[in-house]
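Each residue of the sequence shown is one higher than the one before, starting from 1 at the first, in the numbering used here. Heads up, the beta-carbon is just placed ideally off N, CA and C, and yes, glycines get one too.
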Amino acid sequence: RCFEDGDVTHVEGRIDPLADAETIETELMIADMESIEKRLANIARKIKGGDKEAVAQERLMKSALAALEAGRPARTVTVADDDAKAWAMLQLLTAKPVLYVCNVEEASAATGNSLSARIAEMAAAEGAASVVISAKIEEELAQMPAEDAAMFLEEMGLEEAGLDRLIRAGYDLLGLQTYFTVGPKEARAWTITKGTLAPQAAGVIHGDFERGFIRAETIAYDDYTACNGEAGARDAGKFRVEGKTYEVKDGDVLHFLFNA
């Protein structure tokens with residue numbers, strides 16, 4: 001919460017977003033410590049049985065527990081590439097990337113305020129992300145027709161809805177992006193991780209697309225919209241064919257050719 005409003009109570013009776021964030025972090029760290037302590041008690045039996053994965057997990061759990069007991073979240077632990085899979089299997093809450101969402105009053109939705117600035121500064125120092133929204137504005141937008149919503153956003157000095165910014169920030173934080181498929185009756189968005197190659201992107205639709213991949217007919221999103229669709233993009237020379245080593249870009253409009 002990054003706004004002052006006497007009509008909206010706070011459980012602590014004060015407005016201090018940094019303290020709120022610290023409280024949440026502490027609760028998550030305690031949950032992680034409890035989880036690790038329970039697992040350590042159970043994993044000893046697996047180690048005695050010669051389970052090599054259990055040995056690696058015990059080592060990582062002890063590293064995480066040491067950090068947590070020192071008041072640091074699990075994401076501060078340095079993990080070797082070889083341990084990445086075992087580390088992910090621990091599913092620790094404080095090992096996850098962080099996105100701080102600052103809920104401000106309507107007047108500060110476009111610029112933020114002094115409270116959200118403090119959160120942004122803290123996030124930057126942690127290597128985390130932050131985004132400013134006004135829940136009040138989002139509530140109003142949800143009840144408006146698209147045309148009215150666009151006018152309202154302009155009046156508020158906003159280029160887009162806070163929900164859209166939040167979704168994009170979440171995608172960036174998780175290393176995700178979107179590509180599109182467009183047909184005569186339907187256009188669909190597909191989520192992939194950044195760096196995904198064309199065959200694997202095709203596999204998100206169906207495994208047969210990946211196994212029999214031949215090529216991807218590709219139009220960049222900006223070219224697709226500027227040329228009013230596929231036909232215009234072809235006429236403008238913006239249509240291209242990409243092979244198995246093509247790294248799909250955010251917003252690409254793709255048509256996959258494959259052997260059945």
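Enclosing beta strand (DSSP E) for residue i [first to last residue]
i      : result
LEU99  : 99-103
ILE133 : 129-133
ALA189 : 187-193
First and last residue of the uninterrupted alpha helix (DSSP H) at residue i
i      : result
SER114 : 114-126
ALA150 : 146-155
TYR171 : 162-174
ARG276 : A query on residue 276 cannot be resolved here, the shown segment of the chain reaching from 1 to 260 and no further.
VAL204 : 198-205
THR23  : 17-48
Environment of residue i [buried if 16+ CB atoms lie within 10 Å]
i      : result
THR94  : buried
ALA125 : exposed
MET61  : buried
SER134 : buried
THR191 : exposed
ASP81  : exposed
MET29  : buried
ILE219 : buried
Whole-angstrom distance between residue j and residue i, CA atom to CA atom
i      : j      : result
GLN200 : GLU210 : 6 Å
THR245 : LYS194 : 14 Å
GLU4   : VAL241 : 54 Å
VAL180 : ALA187 : The sequence as given places Phe at residue 180; Val does not occur at that position. Cα to Cα, PHE180 sits roughly 7 Å from ALA187.
LEU197 : SER114 : 43 Å
ASP164 : GLY170 : 10 Å
ILE205 : ILE167 : 22 Å
GLN57  : ARG118 : 37 Å
From the options, residue whose alpha carbon lies closest to that of residue i
i      : options                         : result
LEU90  : VAL101, ASN113 and LEU65        : LEU65
ILE214 : ILE36, ALA231 and PHE258        : PHE258
LEU176 : MET156, ALA41, ASP83 and VAL248 : VAL248
### Message
Give the list of continuous alpha helix (DSSP H) stretches no shorter than 4 residues that lie fully inside the stretch 200-256.
### Response
Segments of the alpha helix (DSSP H) lying fully in the stretch 200-256: 207-211, 221-226 and 230-235.
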